[in-house]
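Everything in the sequence shown is counted per the UniProt record's numbering, starting at 1 for the first residue and increasing by one.
Virtual Cβ for every residue (Gly too), placed ideally from N, Cα, C.
One structure is given here, and the rest of the page talks about it.
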Amino acid sequence: MPGWRPKSLRRWLSRWLAVQTFVALGLVCAAVYYATNVNLINRQDALLQQKVAVVRHLVEENAASQDTTRLRHKLSDFFYGRPDFSLVLEIEGEKVYYGSPVAGNGDGTHERRIAFSLPHPGAPGDALNAELVLDISSDLRLRHALAWTLFACALAGAIVVAAVGTLLVRKGLAPLDELARQAAQLSPDRIGERLDESGQPREIQPLVRQFNAVLQRLERAYVQMEGFNADVAHEMRTPLATLIGETELALSTRPSVQALRETLGSNLEELQRIASIVNDMLFLSQADRGAQARGAWQRSLAEIVREVTQYHEAEALDAGVELSVTGDASALVDRKLFQRAVSNLVSNAVRYADRGSVIEVEISRGAPADGAPGEVLIAVRNTGEPIAQEHLPRLFYRFYRSDSAREFDANHHGLGLAIVAAIARMHGGRSYASSSQRLTTIGFSIVMAPPAGAA
């Protein structure tokens with residue numbers, strides 16, 4: 001039944017183990033009963049054939065003398081003391097019985113009969129109709145007793161197996177009880193604890209490992225969320241403090257119109273910064289919920305990248321660096337999201353590149369080290385102070401800064417690379433970073449998915 005689940009695994013296993021045992025023992029008992037019944041029938045047939053042969057011999061032996069009286073005495077003597085047999089002879093239309101009549105129930109179920117012919121002792125050439133009857137009541141009682149005995153054995157065996165099986169099932173499921181006990185002790189204030197895999201059966205170990213892996217991911221997300229909350233509070237505290245301070249100052253004095261306009265302008269900048277943080281957080285929240293990019297087929301990504309670099313030319317000129325675009329590819333992308341990701345990477349590179357250096361934006365299709373075929377890679381390279389290896393895996397975390405000295409920047413609040421990673425995921429790709437020997441590469445990939453008929 002789809003969707004059905006047993007209420008108790010112990011009871012379910014014990015019940016079906018008992019049923020399976022009863023069915024198996026029942027089949028064995030049925031086979032024993034059938035074999036016994038066949039042997040009894042064969043024995044009955046053999047006895048009937050044996051007695052028929054003896055009766056035929058007695059009749060043929062006295063056929064020459066035609067002494068019917070002597071034949072009757074011999075038949076009576078032969079069947080005397082054999083209550084299970086009786087012989088019926090039909091002589092001149094009358095039935096003559098030898099031996100004890102079979103005490104049946106009238107329906108013939110307690111007897112076996114065999115009809116045959118005998119030479120007439122008083123009339124050579126004639127034949128007598130004879131019938132030999134065997135009482136099988138004792139065999140029927142034996143079969144009945146055997147059936148009940150076998151049924152009782154099967155039932156008793158099933159009960160014993162169910163009882164023993166219940167104990168074995170309870171013992172076999174004891175590791176699950178232990179895991180449940182350990183899981184019950186897990187709590188948010190002890191997120192570093194894990195289920196003990198040692199001593200667990202081989203079949204349960206993969207489950208324990210997977211559960212511990214989930215706990216590991218939850219711990220990582222929990223720690224990241226704690227840091228994220230602290231970072232949000234830190235980022236919001238500075239502009240809010242500025243707003244409050246300037247507003248209180250304006251209220252405590254009689255500012256001129258010009259001073260008031262400057263205060264309002266400064267407050268507007270802080271509010272815009274707060275709004276920018278909120279908008280970025282909303283965007284990241286949508287990406288975390290699995291939002292996918294809705295794009296169109298772009299034949300030249302290099303053209304879009306050049307538009308972005310032209311936008312950053314003034315910033316690059318102030319920083320004393322040049323921007324270069326190499327390579328090209330086609331892909332299905334959301335143009336605005338793609339521009340935003342590239343813009344964040346270029347802006348980040350301009351901030352940390354050495355003066356007089358060239359920032360290269362490279363577009364390529366896959367790479368043995370960076371991606372598999374079917375991906376388009378956008379990598380931004382700049383020369384400057386390298387990023388420590390321990391910081392690289394966390395570059396795309398929200399509000400993460402590899403340089404602790406740069407704790408506050410009015411124009412950058414630490415979400416740029418996190419947005420790049422989110423846009424890459426929305427396009428089915430990934431983000432990556434490497435840094436060594438004063439060369440830093442930060443980029444992302446998008447999956448190529450050309451529409452039908454696209455060149």
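Exercise for the section: With 8 Å as the threshold, decide whether the Cβ of PHE211 is near any Cβ in chain D. Expected result: Absence of chain D from the displayed structure is noted, only one protein chain being present.
Handout entry: Exposure label - ARG406; buried when at least 16 CB within 10 Å
Key = Its pLDDT being 42, under 50, ARG406 is placed unreliably by the model, and the measurement read from it follows with that caveat. Around the beta carbon of ARG406, fewer than 16 other beta carbons lie within 10 angstroms, which makes this residue exposed.
Exercise for the section: Can you give me the Cβ contacts of LEU142 inside the same chain, cut-off strictly under 6 Å, excluding the 5 residues immediately before and after it? Expected result: none
Problem - Where ALA115 falls, given that 16 or more other Cβ within 10 Å makes a residue buried - result: exposed
Problem - the region 204-215 touching the region 229-247, judged by at least three CB pairs closer than 8 Å - result: no
Handout entry: Own chain, CB closer than 6 Å to ARG438, minus 5 neighbours either side, in chain order
Key = Annotation for ARG438: THR383 and PRO386 place their beta carbon closer than 6 Å to its own, counting only its chain and skipping 5 residues before and after.
Exercise for the section: Check PRO201 in the structure and name its three-state DSSP category. Expected result: coil
Problem - Identified DSSP bridge partners for ASP288 - result: Looking at the DSSP output, ASP288 sits in no beta bridge, so it has no partner there.
Exercise for the section: Give every residue of the same chain whose Cβ lies closer than 7 Å to the Cβ of GLY371, excluding the five residues on either side of it in the sequence, and list them in chain order. Expected result: Unreliable placement is indicated for GLY371, whose pLDDT of 46 sits below 50; no coordinate value is reported for it.
Problem - Whole runs of the alpha helix (DSSP H) within the region 134-204, excluding any shorter than 4 residues - result: The region 134-204 contains these whole alpha helix (DSSP H) runs: 137-172 and 174-184.
Problem - SER266 and GLU315 closer than 8 Å at C-beta - result: no
Problem - beta strand (DSSP E) segments (min. 3 residues) lying fully within the region 217-297 - result: DSSP runs (the beta strand (DSSP E)) wholly in the region 217-297: none.
Problem - Contact between the region 194-208 and the region 30-47 (3+ Cβ pairs under 8 Å) - result: no
Exercise for the section: With hydrogens ignored, establish whether the beta-carbon of VAL321 is closer than 7 Å to any heavy atom of the ligand SAH. Expected result: Looking at this structure, you won't find the ligand SAH or any other ligand, since it has none at all.
Handout entry: Reference THR326; option with closest CA among LEU179, ARG365 and LEU332
Key = Of the listed residues, the one whose Cα sits closest to THR326 is ARG365.
Handout entry: With 16 other Cβ atoms within 10 Å as the buried cut-off, status of LEU27
Key = exposed
Practice task
Spell out a yes or no on whether the region 81-90 and the region 130-139 are touching, meaning 3 or more CB-CB pairs, one atom from each, closer than 8 Å.
Solution key: yes
Practice task
Report the residue ranges of all beta strand (DSSP E) runs contained in full by the region 290-343; include only those spanning at least 3 residues, in chain order.
Solution key: 296-298, 322-326 and 331-333
Problem - Closest residue to GLY245 among PHE228, THR263 and PRO255 (Cα-Cα distance) - result: When C-alpha distances from GLY245 are compared across PHE228, THR263 and PRO255, the shortest belongs to THR263.
Handout entry: Length of the line joining the Cα atoms of TYR80 and ALA127
Key = A straight line joining the alpha-carbon of TYR80 with that of ALA127 spans about 25 Å.
Problem - the region 175-190 / the region 16-36 touching (three or more Cβ pairs under 8 Å) - result: no
Practice task
Would you mind listing the alpha helix (DSSP H) stretches within the region 411-446 that are 4+ residues and don't spill past its ends, in chain order?
Solution key: 416-426
Practice task
State the DSSP-derived secondary structure class of LEU47, mapped to helix, strand or coil.
Solution key: helix
Exercise for the section: Take ILE304 and list the residues in its own chain whose beta-carbon comes closer than 7 Å to its own, dropping the five residues that flank it on each side. Expected result: These residues qualify, in order along the chain: GLN298, ARG335, PHE338 and GLN339.
Practice task
May I have the straight-line CA-CA distance separating LEU58 from ALA46, to the nearest angstrom?
Solution key: The C-alpha of LEU58 lies about 19 Å from the C-alpha of ALA46.
Practice task
Would you grab the beta carbon distance between VAL321 and ALA341 for me? Rounded to a whole angstrom, and I think it's under 8 Å.
Solution key: Wrong, their Cβ atoms sit about 20 Å apart, outside the cutoff.
Practice task
Measure the CB-CB distance between VAL169 and SER14 and report whether it falls below 8 Å.
Solution key: Yes, these two residues count as a Cβ contact at 8 Å.
Practice task
Throw me the rounded Cβ distance for the VAL350 and SER324 pair, which I believe falls under 8 Å.
Solution key: About 13 Å separates the two Cβ atoms, so there is no contact after all.
Handout entry: Classification of ASN129 by the beta-carbon crowding that lies within 10 angstroms, buried from 16 upward
Key = By the 10 Å Cβ count, ASN129 comes out exposed.
Exercise for the section: Determine the extent of the beta strand (DSSP E) in which PHE116 is found, giving its start and end residues. Expected result: Residue range 111-119 is occupied by the beta strand (DSSP E) that includes PHE116.
Practice task
Please list, in chain order, all residues of the same chain as LEU215 whose beta carbon is under 7 Å from its beta carbon, the five residues on each side excluded.
Solution key: ARG194
Exercise for the section: Mark HIS73 as exposed unless 16 or more other C-beta atoms lie within 10 angstroms of its C-beta, in which case mark it buried. Expected result: Exposed, because fewer than 16 other Cβ atoms sit within 10 Å of the Cβ of HIS73.
Practice task
Can you say whether LEU140 is buried or exposed, counting buried as having 16 or more other CB atoms within 10 angstroms of its CB?
Solution key: exposed
Practice task
Measure from the alpha carbon of PRO119 to the alpha carbon of each residue in VAL55, GLY199 and LEU25, then state which is nearest.
Solution key: Ranking VAL55, GLY199 and LEU25 by Cα distance to PRO119 puts VAL55 first.
Problem - Proximity of ALA331 and MET448 at Cβ, strictly below 8 Å - result: yes
Problem - Local conformation of SER8 per DSSP, three classes - result: Residue state, collapsed to three classes: coil.
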